[in-house]
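**Q** Structure incoming, see below.
Number of protein chains: 2
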Amino acid sequence: MKRIAESTVRRLSLYLGFLEDINRRGTTTVSSEELAKLGGTTSAQVRKDLSLFGSFGKRGLGYSVTELLERLRRIMGLERRWRVCIIGAGKIGAALAQYEGFSQRGFDVVAVYDSNPARVGEALGDLHVRDVAFFERDAESEKFDIAVLAIPARGAQKMAERVARAGIAAILNFVPGQLTAPPKVAMRTVNMAMELEALSFALTNRD
Amino acid sequence: MKRIAESTVRRLSLYLGFLEDINRRGTTTVSSEELAKLGGTTSAQVRKDLSLFGSFGKRGLGYSVTELLERLRRIMGLERRWRVCIIGAGKIGAALAQYEGFSQRGFDVVAVYDSNPARVGEALGDLHVRDVAFFERDAESEKFDIAVLAIPARGAQKMAERVARAGIAAILNFVPGQLTAPPKVAMRTVNMAMELEALSFALTNRD
DNA sequence: TGGAGCTTGTGAAATCATTCACAAACTTAT
DNA sequence: ATAAGTTTGTGAATGATTTCACAAGCTCCA
Ligand SMILES: NC(=O)c1ccc[n+]([C@@H]2O[C@H](COP(=O)([O-])OP(=O)(O)OC[C@H]3O[C@@H](n4cnc5c(N)ncnc54)[C@H](O)[C@@H]3O)[C@@H](O)[C@H]2O)c1
Ligand SMILES: NC(=O)c1ccc[n+]([C@@H]2O[C@H](COP(=O)([O-])OP(=O)(O)OC[C@H]3O[C@@H](n4cnc5c(N)ncnc54)[C@H](O)[C@@H]3O)[C@@H](O)[C@H]2O)c1
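One line per chain: the protein sequences are X and H, in this order. Number 196 in numbering that gives the first Met the number 0 belongs to position 197 of the first sequence; there are no gaps in the numbering. Number 103 in numbering that gives the first Met the number 0 belongs to position 104 of the second sequence; there are no gaps in the numbering.
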């Protein structure tokens, strides 16, 4: 299959969210025009995005909401559930561990680790913080799919490499600054300071 | 001035971070090639990005670290400090309110609001949670530049409009789902579930 | 059944972003 | 002073993404 652009993946994820809403409301069909309006794009864009994976619509009518939902879920790999571990039970790690939004979208947070003995054992929702010394042992038996990195910058590169060596192929990274994904690992970085800077730029350079 | 692409702004923000590191180490000049290596891009890209705003380098030598830092800070609007308020003192709002990384980059979190009377008054770092009923009054006197939205999806659109009406022109949004920026307001959305979905896609469609 | 009215799927065109490639301008060494 | 070695700034070329535009296929209604 041809390479799919990052921007396309982001939009597919958006469409999926809209379809879930629409489905909940009981509507059974949706047009590319309606999805475009919701997503702030054009109907041609929506159709092009979907056409990369097949042809799911009916001319004159639009797309069946349930069929498109199923197709998109399959395309995005969301037919199954994913096992997520969080590394770093600090302020942001704790917030993420207790966030219900993830499991609603198919991601189960199954473990939280910290290196601080004072934190180990602490309850976070249903989970208890584990000692990161046991990370490799657990990764073997518990088959984590995705690791969330929520630790201080110092030590983060080392930790990313431990994650990779433990056989985990995806990292969601909250650590700012230079962090390079180990080979073969898919990494997405959320950098909130950078988002604020983009707003600063927009406020400064608006007309 | 011509329109600047979002990808360019993101890279400028990256370069700025690298330059701060480099400056701290005491190095005085840097080449486009070095910045490119740090940022995972090409030297031509770095030069093109900078050339959109002027010509700051010396041929044969590279860029003066301190001069480029100053120029980039000005370009990004970071010569001044920005006043940020957080709306929603829940799990994610509380983590953000206590995050030191923002003030290091020029963003001062000066107020946190919640609608839950049980939360109002609670201490978060140096701040105390305020009743969101006073938001408009405070916005007038305290001149917030940026509002961070960290409340449940229900009610978020209304709140975004209150923010806009209070004269705040930028929103950093953590609320997932459909939220449209009021006219004239710059909004950036951080959607963590969407990032996880991108990882799910990458894991599913890798070769 | 047929015609009006939608909406898809998709090449082609347009726009936008990145990379190439090189003259010009500087530094350093001799 | 000059030559050798760097590195910038930028048009031109390439590559990627988005938009246009329309034939083809479907629905709905009379
Ligand atoms: N708090 C926020 O809102 C926020 C926002 C954006 C980014 N971040 C980034 O997220 C990271 C964590 O921030 P925070 O505010 O939660 O910090 P924090 O200090 O509250 O928490 C960090 C936790 O990580 C633990 N830790 C350190 N090294 C570890 C290791 N090798 N393995 C396991 N645990 C380890 C510490 O014991 C601590 O509990 C930082 O890199 C920060 O820049 C935080
Ligand atoms: N917790 C996370 O890690 C996380 C991650 C990504 C996105 N989010 C999103 O961030 C938002 C907040 O999540 P949370 O986990 O912090 O939820 P939360 O329930 O812990 O906190 C929400 C807070 O907002 C307050 N609130 C509600 N309406 C308000 C209003 N109009 N004005 C001021 N305060 C109001 C509530 O009283 C509550 O204290 C949600 O939209 C969630 O989807 C959270």
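Using N, Cα and C, we set each Cβ at its ideal position, and we do this for glycine too. These numbers come from a predicted model, not from an experiment.
For Met186/X, which of Glu135/X, Glu69/X, Glu66/X and Phe173/X has the nearest alpha-carbon?
**A** Phe173/X
**Q** By Cβ distance, which residues of its chain are closer than 6 Å to Val109/H, with the 5 residues on each side in sequence left out?
**A** Arg82
**Q** Could you tell me the alpha carbon to alpha carbon distance between Asp48/H and Leu126/H, rounded to whole angstroms?
**A** Cα-Cα distance, rounded: 39 Å.
**Q** What would DSSP say about Asn172/X, mapped onto helix, strand or coil?
**A** strand
**Q** In chain order, what residues of the region 171 to 202 of chain H put their CB closer than 7 Å to some CB of chain X?
**A** Leu171, Pro175, Gly176, Gln177, Ala185, Arg187, Val189, Met191, Ala192, Met193, Glu194, Leu195, Glu196, Ala197, Leu198, Ser199, Phe200, Ala201 and Leu202
**Q** Assuming Ala88/H contacts Val111/H (C-beta within less than 8 Å), just tell me the rounded distance between them.
**A** Their Cβ separation, rounded to whole angstroms, is 5 Å, which keeps Ala88/H and Val111/H in contact under 8 Å.
**Q** From Leu71/X to Ser31/H, what distance separates their C-alpha atoms?
**A** Put simply, the backbone Cα of Leu71/X is about 41 Å away from that of Ser31/H.
**Q** Taking 9 Å as the threshold (C-beta atoms), are Gly76/H and Phe238/X in contact?
**A** Residue 238/X lies beyond the stretch modelled for chain X, which goes from 0 to 206, so this question has no answer here.
**Q** Under 7 Å between beta-carbons, which chain H residues line up against Arg46/X? List them in chain order, please.
**A** None at all; the shortest Cβ gap to chain H is about 19 Å.
**Q** How big is the Cα-Cα spacing for Asp206/H and Arg118/H?
**A** 49 Å
**Q** Using 9 Å as the threshold, is the C-beta distance between Leu148/H and Val162/H below it?
**A** Cβ atoms of Leu148/H and Val162/H: closer than 9 Å.
**Q** Using beta carbons (cut-off 9 Å, strictly below), is Ala110/H in contact with chain X?
**A** no
**Q** Quick one: what's got a C-beta closer than 7 Å to Lys142/H's C-beta in the same chain, skipping five residues either side?
**A** Only Arg82 meet the Cβ criterion.
**Q** Could you name the residues of chain X that Val8/H contacts, counting a contact when the two beta carbons are closer than 7 Å?
**A** Annotation: Cβ neighbours of Val8/H in chain X (cutoff 7 Å, chain order): Ala197 and Phe200.
**Q** Suppose contacts are defined by Cβ-Cβ distances below 9 Å. Is Ile167/X in contact with Ala146/X by that definition?
**A** Result yes, Cβ atoms of Ile167/X and Ala146/X sit closer than 9 Å.
**Q** Going by DSSP, what residues sit across from Lys106/X in a beta bridge?
**A** What sits at residue 106/X in the sequence shown is Phe, not Lys. According to DSSP, Phe106/X shares a beta bridge with Trp81/X.
**Q** In the DSSP assignment, find the unbroken alpha helix (DSSP H) run with Tyr14/H in it and report its ends.
**A** Annotation: the continuous alpha helix (DSSP H) that includes Tyr14/H extends over Glu5 to Arg23.
**Q** For the putative contact between Glu135/H and Ala165/H, defined by C-beta atoms under 8 Å, what is the C-beta separation to the nearest angstrom?
**A** 5 Å
**Q** Rounded to whole angstroms, what is the Cα-Cα separation between Val128/H and Ala159/H?
**A** If you draw a straight line from the Cα of Val128/H to the Cα of Ala159/H, it is about 19 Å long.
**Q** Rounded to whole angstroms, what's the CA-CA distance from Gly92/H to Tyr98/H? Just pull it up for me.
**A** Their backbone Cα atoms lie some 10 Å apart in a straight line.
**Q** Are the beta-carbon atoms of Ala192/H and Gly100/X separated by less than 9 Å?
**A** yes
**Q** Enumerated in chain order, which unbroken segments of the beta strand (DSSP E) with a length of 3 residues or greater are wholly contained in the region 31 to 104 of chain X?
**A** 61 to 63 and 81 to 86
**Q** The alpha helix (DSSP H) with Arg129/X in it runs from where to where?
**A** Looking at the DSSP string, Arg129/X is not in any alpha helix (DSSP H); the run it does join, the beta strand (DSSP E), is Leu126 to Asp130.
**Q** Can you name the residues that DSSP bridges to Arg187/H?
**A** Leu171/H
**Q** Can you name, in chain order, every residue of its own chain whose Cβ lies under 7 Å from the Cβ of Leu123/X, other than the five neighbours on each side?
**A** Ala88, Ala93, Ala96, Gln97 and Val111
**Q** Report back the beta-carbon spacing between Gly61/X and Thr26/X to the nearest angstrom; my notes put them in contact at under 8 Å.
**A** Actually they are not in contact, since the Cβ atoms of Gly61/X and Thr26/X sit about 10 Å apart, beyond 8 Å.
**Q** Count the other CB atoms within 10 Å of the CB of Ser12/H; is the residue buried (16 or more) or exposed (fewer)?
**A** buried
**Q** Could you check if Glu194/X is buried or exposed, using at least 16 other CB atoms within 10 Å of its CB as the buried criterion?
**A** By the 16-neighbour rule on beta-carbons within 10 angstroms, Glu194/X is buried.
**Q** Is Glu5/X buried or exposed, if buried means 16 or more other CB atoms sit within 10 Å of its CB?
**A** So Glu5/X ends up on the exposed side.
**Q** So for Leu195/H, helix, strand or coil by DSSP?
**A** helix
**Q** May I have the straight-line CA-CA distance separating Arg58/H from Ile86/X, to the nearest angstrom?
**A** 45 Å
**Q** Are the Cβ atoms of Leu67/H and Leu37/H separated by less than 9 Å?
**A** no
**Q** Just to check, is the beta-carbon of Tyr112/X closer than 8 Å to a non-hydrogen atom of ligand 2?
**A** no
**Q** For a test of the three-state rule: what should DSSP assign to Asp113/X, helix, strand or coil?
**A** strand
**Q** When you compare the CB positions of Ala152/H and Leu178/H, do they come within less than 9 Å of one another, or not?
**A** Here Ala152/H is near Leu178/H, since their CB atoms are less than 9 Å apart.
**Q** Closest by CA to Asp113/H, which one among Lys90/H, Tyr14/H, Ser42/H and Ala197/H?
**A** Lys90/H
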